[in-house]
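Notes for the one structure printed next.
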Amino acid sequence: VVAGLEIGCHLYDFFYSDELRTWVPWMDTIPSYQVPTSAKYEEIVVPSTDSVRLIHVFQLLVRHNKNVLCSGPTGTGKSANINLWLLKQAPKHFQAITVNFSAQTHVNEVQDLIDSKLEKRRRGVFGPPVGKKMVLFIDDLNMPQKEFYGAQPPIELIRQWHDYGGWYNRKELRLLEIADVMWVSAMGPPGGGRTFITERLKRHYSLLASSVFQEQSIRQIFKTIVEHFFQPFDDSVKNQVSNLISGTIFIFDKALAELLPTPPKSHYLFNLRDIWKVFLGLCVLRAKTSNDSTVVVRCWCHEVQRVFGDRLISKEDLSWMKEQMDFAVTTIFKMGILDIFERERLIFGSFMSLETGMRHYAEITDLSAMKECIEEYLKDYNAVFCVPMPLVMFTDACEHCARICRILEQPSGHAL
Numbered sequence: 039v040v041a042g043l044e045i046g047c048h049l050y051d052f053f054y055s056d057e058l059r060t061w062v063p064w065m066d067t068i069p070s071y072q073v074p075t076s077a078k079y080e081e082i083v084v085p086s087t088d089s090v091r092l093i094h095v096f097q098l099l100v101r102h103n104k105n106v107l108c109s110g111p112t113g114t115g116k117s118a119n120i121n122l123w124l125l126k127q128a129p130k131h132f133q134a135i136t137v138n139f140s141a142q143t144h145v146n147e148v149q150d151l152i153d154s155k156l157e158k159r160r161r162g163v164f165g166p167p168v169g170k171k172m173v174l175f176i177d178d179l180n181m182p183q184k185e186f187y188g189a190q191p192p193i194e195l196i197r198q199w200h201d202y203g204g205w206y207n208r209k210e211l212r213l214l215e216i217a218d219v220m221w222v223s224a225m226g227p228p229g230g231g232r233t234f235i236t237e238r239l240k241r242h243y244s245l246l247a248s249s250v251f252q253e254q255s256i257r258q259i260f261k262t263i264v265e266h267f268f269q270p271f272d273d274s275v276k277n278q279v280s281n282l283i284s285g286t287i288f289i290f291d292k293a294l295a296e297l298l299p300t301p302p303k304s305h306y307l308f309n310l311r312d313i314w315k316v317f318l319g320l321c322v323l324r325a326k327t328s329n330d331s332t333v334v335v336r337c338w339c340h341e342v343q344r345v346f347g348d349r350l351i352s353k354e355d356l357s358w359m360k361e362q363m364d365f366a367v368t369t370i371f372k373m374g375i376l377d378i379f380e381r382e383r384l385i386f387g388s389f390m391s392l393e394t395g396m397r398h399y400a401e402i403t404d405l406s407a408m409k410e411c412i413e414e415y416l417k418d419y420n421a422v423f424c425v426p427m428p429l430v431m432f433t434d435a436c437e438h439c440a441r442i443c444r445i446l447e448q449p450s451g452h453a454l
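Sequential numbering of the sequence shown, starting at 39, is according to our numbering.
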């Protein structure tokens, strides 16, 4: 038995301390994390064994002037952890610049953006301010579309810097040397719009793999976040935190295993961001309006329906989702199905109050009142704009409006 290690544990979950001359868990190498009092949900980054291990190796490479490429599945915190380190923990002489690539990223836009951050040092030589080291973080490196001949111009621009130390001025066609620059990139696995990047670029990077979080890490992350937001709630609600996490992981694992993508269901893709979105809806509840364990479990069912159920396109898949939720309610939460689904529809929203400052995300129990409220919004719209919308707000349309409102209220919310 090696000092500090237990039988059956994974060696990669431990760090060898030269000072203590023993193996210590990665989480013991950082201070205990507490969520800042005024932090917003989307700003919270809870460290885990996986993230601490990744960032330790990442910062070791960056401090020794190595270009780093971090690859891994969507939702594993690659961008969040790298940005957090560059902004708060990097050496003072590092100047971090973030560039987000997309399918429509044009090479000239990338070149102009980076050139705008550089200063002229002497004829033909550019770089960050003297004494600074520019760290260019390229997020979603493999997103740009390939051109007719198979190349990706934004990636070829980066490769040109690696091979020649700069790129050409497009007006004078003269090679510009760009000094004191280091490249850090993140990308997801090829597929779903992402492509394979050229080996001629990949060879210049030190590669780090970001793996899917272990279940223990997922539980620790969301337990920390939810307990912070549930502090004003009664003990009956706080006692449901572990069940909320277990239920979400259960639905997520089942969806990954059984709701597989096919040509007509190509959007059946699930990742850890879906778990994050479920708890985003739970953490906006207020103790004034939802301080009851039954209401919180109803909200959990509503968020699961919105995050996982709204993308299902067949009756078989929808009935499958209902079976999984019924199982979770009776087995994990130990509640009756009729106690949770006691009304015709399960809808949460914050638009029932016409006063903006008084809006709280809560269950909508009166469908007729919801319909009247939305009709009032429609009436106000038609009174302001010259082209009215003569819509009939039936119940399904009202529920759809509630779904859209929920998405637009979320940070960076978007819908297709």
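Backbone N, C-alpha and C fix where the C-beta goes; we use that ideal spot for every residue, glycine too.
**Asked** Where does THR368 land, buried or exposed, given buried means 16+ other C-beta within 10 angstroms?
**Response** The sequence position of residue 368 within the sequence shown is 330, counting from 1. Exposed.
**According to DSSP, residues forming a beta bridge with SER55** = Along the sequence shown, read from residue 1 onward, the residue named residue 55 stands at position 17. Looking at the DSSP assignment, SER55 forms a beta bridge with THR60.
**Request:** Pull up the CB-CB distance for ILE385 and GLU341, whole angstroms please, since I reckon it's below 8 Å.
**Result:** For the purposes of this step, residue 385 is taken as the residue at position 347 of the sequence shown. For the purposes of this step, residue 341 is taken as the residue at position 303 of the sequence shown. Going by Cβ atoms, the distance from ILE385 to GLU341 rounds to 12 Å, so no, they are not a contact pair.
**Asked** What do you reckon, are the CB atoms on VAL264 and LEU320 nearer than 8 Å?
**Response** As a first step, residue 264 is located in the sequence shown; it is residue number 226 there, counting from the start. As a first step, residue 320 is located in the sequence shown; it is residue number 282 there, counting from the start. The answer is yes: Cβ separation under 8 Å.
**Asked** Going by beta carbon distance, what residues of the same chain come within less than 7 Å of PRO301, once the five residues before and after it are set aside?
**Response** Position 263 of the sequence shown holds residue 301. Contacts found: none.
**Asked** For TYR187, which beta-bridge partners are listed by DSSP?
**Response** Position 149 of the sequence shown, counted from the start, is the residue given in the question as residue 187. Answer is none; TYR187 lacks a bridge partner.
**Request:** Determine, using beta carbons only, whether ALA440 and GLY395 come nearer to each other than 8 Å.
**Result:** As a first step, residue 440 must be located in the sequence shown, where it is residue number 402. As a first step, residue 395 must be located in the sequence shown, where it is residue number 357. Cβ atoms of ALA440 and GLY395: not closer than 8 Å.
**Prompt:** What residue from LEU179, ARG349, SER248 has the CA that sits closest to LEU454's CA?
**Reply:** As a first step, residue 454 must be located in the sequence shown, where it is residue number 416. Of LEU179, ARG349, SER248, the residue nearest in Cα terms is ARG349.
**Asked** Closest to THR403 by CA distance: which of THR67, CYS424, ILE378 is it?
**Response** Reading the sequence shown from its first residue, position 365 is the one you call residue 403. Comparing Cα positions, the closest option is ILE378.
**Asked** Using CA coordinates, which residue listed in ARG383, ALA141, ILE176 is at the minimum distance from LEU151?
**Response** Position 113 of the sequence shown, counted from the start, is the residue given in the question as residue 151. Considering only alpha carbons, the answer is ILE176.
**Message:** For a test of the three-state rule: what should DSSP assign to ARG208, helix, strand or coil?
**Reply:** Along the sequence shown, one-based indexing puts residue 208 at 170. It is coil, neither helix nor strand.
**Asked** Just to confirm, are SER248 and GLY113 a CB contact at a threshold of 8 Å?
**Response** Taking the sequence shown and counting its residues from 1, one reaches residue 248 at position 210. Taking the sequence shown and counting its residues from 1, one reaches residue 113 at position 75. Not closer than 8 Å, so no.
**Prompt:** So TRP338 is in the alpha helix (DSSP H); what residue range does that whole segment cover?
**Reply:** Residue numbering aside, residue 338 sits at position 300 when the sequence shown is read from its first letter. In the DSSP assignment, TRP338 falls within the unbroken alpha helix (DSSP H) covering 331-345.
**Item:** Exposure label - LYS130; buried when at least 16 CB within 10 Å
**Value:** Position 92 of the sequence shown, counted from the first residue, corresponds to residue 130. Flag for LYS130 reads exposed.
**Asked** Helix, strand or coil: which one does DSSP assign to LYS171?
**Response** Here residue 171 refers to the residue found at position 133 when the sequence shown is read from its first residue. Strand, per DSSP.
**Start and end residues, beta strand (DSSP E) containing ARG159** = Mapped onto the sequence shown, residue 159 falls at position 121. Element bounds for ARG159: 157-160.
**Prompt:** Is the Cβ-Cβ distance between LEU323 and VAL334 less than 8 Å?
**Reply:** Reading the sequence shown from its first residue, position 285 is the one you call residue 323. Reading the sequence shown from its first residue, position 296 is the one you call residue 334. Yes, Cβ-Cβ distance for LEU323 and VAL334 is below 8 Å.
**Candidates VAL219, ASP218, GLY203, TYR79: closest to ARG212 by CA position** = Walking along the sequence shown from the start, residue 212 turns up at place 174. With distances taken between Cα atoms, ARG212 lies closest to GLY203.
**Message:** Can you find the residues in the same chain that come closer than 7 Å, C-beta to C-beta, to GLU185, ignoring five residues on each side of it along the sequence?
**Reply:** One-based indexing of the sequence shown puts residue 185 at position 147. Only PRO191 meet the Cβ criterion.
**Request:** Starting from ILE235, trace the beta strand (DSSP E) both ways and give me its first and last residue.
**Result:** Working through the sequence shown from its first residue, we reach residue 235 at position 197. Premise fails: ILE235 is in no beta strand (DSSP E) and is neither H nor E.
**Message:** Give me the DSSP bridge partner(s) of TYR399.
**Reply:** To locate residue 399, count along the sequence shown from 1; it is residue 361. LEU323.
**Request:** Report yes if the CB atom of GLY285 is closer than 8 Å to the CB atom of TRP221, and no otherwise.
**Result:** Numbered from 1 along the sequence shown, position 247 holds the residue referred to as residue 285. Numbered from 1 along the sequence shown, position 183 holds the residue referred to as residue 221. No, they are not a contact pair.
**Message:** For the alpha helix (DSSP H) containing SER357, name the first residue and the last one.
**Reply:** In the sequence shown, residue 357 corresponds to position 319, counting from 1. Counting along the chain, the alpha helix (DSSP H) containing SER357 begins and ends at 353-365.
**Asked** Does the ligand GDP have a heavy atom nearer than 7 Å to the CB of TRP123?
**Response** Looking at this structure, you won't find the ligand GDP or any other ligand, since it has none at all.
**Request:** Give the secondary structure of GLN252 by DSSP, where H, G and I count as helix, E and B as strand, and everything else as coil.
**Result:** As a position in the sequence shown, residue 252 is number 214, starting the count at 1. Here GLN252 sits in coil by DSSP.
**Item:** Buried/exposed call for LEU376, threshold 16 Cβ in 10 Å
**Value:** Along the sequence shown, one-based indexing puts residue 376 at 338. So LEU376 counts as exposed.
**Message:** Using C-beta distances below 6 Å, list every residue in its chain close to ASN180, excluding the 5 sequence neighbours before and after it, in chain order.
**Reply:** Position 142 of the sequence shown holds residue 180. Apart from sequence neighbours up to five positions away, the residues of its chain that approach ASN180 with a beta-carbon distance below 6 Å are MET225, ARG232, THR233, ILE235, ordered along the chain.
**Request:** Name the one or two DSSP bridge partners that PHE164 has.
**Result:** The count along the sequence shown starts at 1 and reaches residue 164 at position 126. Answer is LYS158, ILE216.
**Prompt:** Since ALA128 is in the alpha helix (DSSP H), which residue starts that stretch and which ends it?
**Reply:** Reading the sequence shown from its first residue, position 90 is the one you call residue 128. ALA128 -> no alpha helix (DSSP H), and no H or E assigned at all.
**Asked** On the premise that VAL345 lies in contact with ASP312, defined as a C-beta separation below 8 Å, what is that separation, rounded to the nearest angstrom?
**Response** Taking the first residue of the sequence shown as 1, we reach residue 312 at position 274. Taking the first residue of the sequence shown as 1, we reach residue 345 at position 307. With 8 Å as the limit, ASP312 and VAL345 qualify as a contact, their Cβ atoms being about 5 Å apart.
**Message:** Please state the DSSP three-state secondary structure of VAL106.
**Reply:** Your numbering for residue 106 matches position 68 in the sequence shown. Note: VAL106 maps to strand in three-state DSSP.
**Message:** With distance defined between alpha-carbon atoms, name the residue in GLU194, ARG208, PHE389 nearest to THR143.
**Reply:** Translated into the one-based positions of the sequence shown, residue 143 becomes position 105. Residue nearest to THR143 within the set GLU194, ARG208, PHE389 is GLU194 (criterion: CA-CA distance).
**Prompt:** Can you tell which of HIS305, LYS158, ARG160 has its C-alpha closest to the C-alpha of GLY229?
**Reply:** Counting from one through the sequence shown, the residue named residue 229 turns up at place 191. Comparing Cα-Cα distances from GLY229 to each of HIS305, LYS158, ARG160, the minimum goes to HIS305.
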